[in-house]
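Before any comments, here is the structure.
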Amino acid sequence: MSAIEKFQNQVGRGEVNWKPGSDSGLEKLGEDFYNAINFGFGNVGIVITNEGVVVIDSTISRTGGKAIVDEITKMTDQPIKYLIYTHGHGDHVGGASVFKENGATVISHRNVIERFNRYTKLRDHHVAINSMQFKRNIRIKNEYIYPDIVYDFEYTFELGGKTFRLLHGKGETDDATVVYIPEDRICYSGDFIVWSFPNIGNPNKVLRYEREWYEMLDRILKLDPKAIAPGHGRSLLGNEEVQACLSDTSAVLKYLHEECVMHINQGSSLDKMLHEISIPETLVNSKYLKQTYGCLEFAIKGIYRRYTGWYDGNPTNLSPSPSKEVNRAILELIGNQDQIIEHARRFETEGNPQLALHLIDLILIENPNNKEIHAFKGEILEKMSTASSNLFFRNFYSVSAKHEKELANNS
Ligand SMILES: [Zn+2]
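For the sequence shown, the residue numbers in full-length UniProt numbering are 1 to 411.
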């Protein structure tokens with residue numbers, strides 16, 4: 001199995017490596033340029049110069065950070081001078097304290113500060129949503145290592161005859177940095193590239209930036225890098241691969257952005273957009289756009305949410321009755337819960353578990369203690385989880401199935 005397939009499978013199953021694995025190693029992008037993969041969740045860039053080492057990102061944990069420091073020590077006696085954050089997500093900053101203890105000066109975009117403040121303020125919420133997303137008990141125990149140096153648009157420094165250009169752009173986050181070393185045409189892209197369809201419209205997270213994302217990919221393309229270390233997964237080596245990945249990813253984002261904007265201007269509902277917008281045929285089979293992490297449906301929802309408000313255009317929904325009251329009115333009309341269950345079972349066996357869920361919820365909203373129905377819902381969600389190859393669908397359904405089964409077994 002190739003490294004790409006392995007990564008995609010991992011992400012698809014939601015079993016991302018949290019600790020250094022036996023398959024961890026350093027990929028060489030050029031003389032003194034490395035991409036450390038599988039030292040934990042999130043790649044780490046290492047650049048060795050004769051005046052010190054520059055590290056880009058730190059994996060998710062101190063364990064990963066220590067393993068990286070060990071690797072650096074094996075290669076050079078030079079001190080670690082700088083740690084650059086490509087953005088403030090936990091899988092890129094979690095091991096930072098190890099590098100800080102080793103004397104590194106931390107550099108990032110200014111918005112990383114506000115991100116860390118927000119994560120601290122909403123800690124319990126982030127523990128809950130990330131535990132769901134990654135199907136594991138997330139603990140956020142480390143204090144964040146705030147940057148020593150921040151910048152707004154672009155920041156450049158030199159070390160050991162190498163120029164480090166830090167370019168700010170927005171994409172998966174609003175605090176992102178791409179690192180480019182022009183002398184060697186090497187790029188560390190962070191999560192602008194992750195070997196998956198871009199994660200626009202994450203169900204539980206704040207807005208992402210599809211337009212700025214493709215603008216940054218086009219900017220990298222113009223720099224003509226010969227190798228790129230992405231935020232996750234193996235490096236892109238050689239012009240052909242670099243250009244194919246950047247142009248496919250940029251093209252799909254640009255297409256979706258423009259389609260969504262056109263629909264919004266025409267007054268389309270989100271429902272209509274979800275049914276009418278698809279990925280162009282030329283891109284649908286791109287190996288860089290597998291929908292194992294981000295996916296089309298979430299992207300459309302994310303872009304729609306970014307440019308519109310919460311009102312869906314139907315005045316019924318401007319100030320709706322409580323859902324329990326609406327539900328009760330419908331239930332009274334149907335008058336027969338057994339019939340609802342029977343229909344739900346039929347939908348499920350006919351291969352439409354989603355419709356079955358809608359019917360089941362009619363009963364659960366009215367009677368949240370109905371154990372039999374919780375068990376039925378759990379069964380359906382389990383099957384839906386197994387049937388999907390996308391991390392979000394698999395994990396959200398699986399975690400919820402477990403919860404439904406617990407409700408069914410509660411005495
Ligand atoms: Zn990441």
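By construction, the Cβ of each residue, glycine as well, lies at the ideal position given by its N, Cα and C atoms.
Ordered along the chain, which non-local residues of its own chain (more than five positions away) have a Cβ less than 7 angstroms from that of residue i?
i      : result
Ile365 : Ser323, Lys324 and Asn327
Lys383 : Pro353
Ala251 : Leu283
Phe153 : His168
Val399 : Met132 and Lys135
His343 : Leu359
Asp218 : Ser250
Lys222 : none
Met75  : Ile48
Would you check if the distance between the CB atom of residue i and the CB atom of residue j is smaller than 8 angstroms?
i      : j      : result
Asp184 : Asn111 : no
Asp23  : Asn38  : yes
Glu172 : Asn204 : no
Phe116 : Gly65  : no
Ile193 : Pro230 : yes
Glu212 : Ala299 : no
Asp148 : Thr105 : yes
Ile80  : Asn102 : yes
Tyr255 : Pro280 : yes
Thr73  : Pro20  : no
Tyr155 : Ile113 : no
Gly378 : Glu348 : no
Asp248 : Ser189 : no
His125 : Thr177 : no
Asn390 : Cys295 : yes
Ile334 : Tyr304 : no
Gly161 : Gly52  : no
Thr59  : Ile48  : no
Going by the C-beta, is residue i closer than 7 angstroms to any heavy atom of ligand 1?
i      : result
Gly231 : yes
Asp191 : yes
Gly42  : yes
Asp91  : yes
Thinking just about the alpha-carbon of each residue, which of the options is nearest to the one in residue i?
i           : options                           : result
Arg234      : Pro20, Gly21, Gly25 and Lys19     : Gly25
Val54       : Glu215, Arg306, Tyr85 and Lys371  : Tyr85
Asp191      : Leu359, Ile56, Asp148 and Lys135  : Ile56
Gly267      : Asp312, His89 and Phe392          : Asp312
Tyr180      : Asn285, Glu350 and Leu29          : Leu29
Ile220      : Asn239, Ile334, Asp77 and Gly88   : Asn239
Leu207      : Ile340, Lys81, Ser278 and Lys301  : Lys301
Leu83       : Asp70, Ser97 and His89            : Ser97
Asn314      : Ala329, Asp271, Thr349 and Glu350 : Asp271
Phe396      : Ser385, Lys405 and Asn35          : Ser385
Phe197      : Lys290, Gly90 and Met262          : Lys290
Tyr293      : Phe392, Ala387 and Leu217         : Phe392
residue 419 : His89, Ala401, Pro182 and Gly351  : Here the chain covers residues 1 to 411 and nothing more, so residue 419 does not appear.
Thr120      : Glu143, His109 and Ile129         : Glu143
Leu381      : Asp361, Asn367 and Asn369         : Asp361
Glu297      : Cys260, Ile340, Ala401 and Ile129 : Cys260
His87       : His125, Phe157, Leu166 and Thr308 : Leu166
Gly201      : His125, Ile46, Ser321 and Leu253  : Leu253
His232      : Leu355, Ser321 and Tyr288         : Tyr288
Asp70       : Ala36, Ser321 and His92           : Ala36
Arg345      : Glu158, Pro368, Thr316 and Ile373 : Ile373
What does a CB cutoff of less than 8 angstroms around residue i pick up in its chain, not counting 5 residues either side in sequence?
i      : result
Val127 : Ile138, Arg139 and Ile140
Gln337 : Leu331 and Ile363
Lys371 : Leu407, Ala408, Asn409 and Asn410
Ala227 : Leu29, Gly30, Phe33, Arg185, Ile186, Cys187, Ser235, Leu236, Leu237, Gly238 and Val242
Glu215 : Gly169
Arg123 : Ile140
Val150 : Ile107, Ser108, His109, Arg110, Val112 and Ile113
Kindly list the residues whose CB is nearer than 6 angstroms to the CB of residue i, restricted to its own chain and excluding five residues on each side of it in sequence; keep chain order.
i      : result
Ser61  : Gly40, Gly94 and Gly95
Phe376 : none
Glu276 : none
Arg306 : Leu207
Ile129 : Asn204
If you scan the region 266-299 from start to end, which runs of the alpha helix (DSSP H) of 4 or more residues do you find wholly inside it?
Correct list: 270-276 and 281-284.
To test your reading of the DSSP string, which unbroken beta strand (DSSP E) runs of 3 or more residues are found completely within the region 81-155?
Runs found: 105-109 and 149-151.
Sequence ranges, beta strand (DSSP E) only - wholly within the region 6-80, length at least 3
The DSSP assignment places 25-30, 33-37, 44-49 and 52-56 as complete runs of the beta strand (DSSP E) inside the region 6-80, in order along the chain (cut-off: 3 residues).
Please list the segments of the alpha helix (DSSP H) lying wholly inside the region 326-367, counting only runs of 4 or more residues, in order along the chain.
Complete alpha helix (DSSP H) runs here, min 4: 337-349 and 353-366.
Can you give, in chain order, each stretch of the beta strand (DSSP E) that sits fully within the region 207-254 and has at least 3 residues?
Runs of the beta strand (DSSP E) inside the region 207-254: 227-230.
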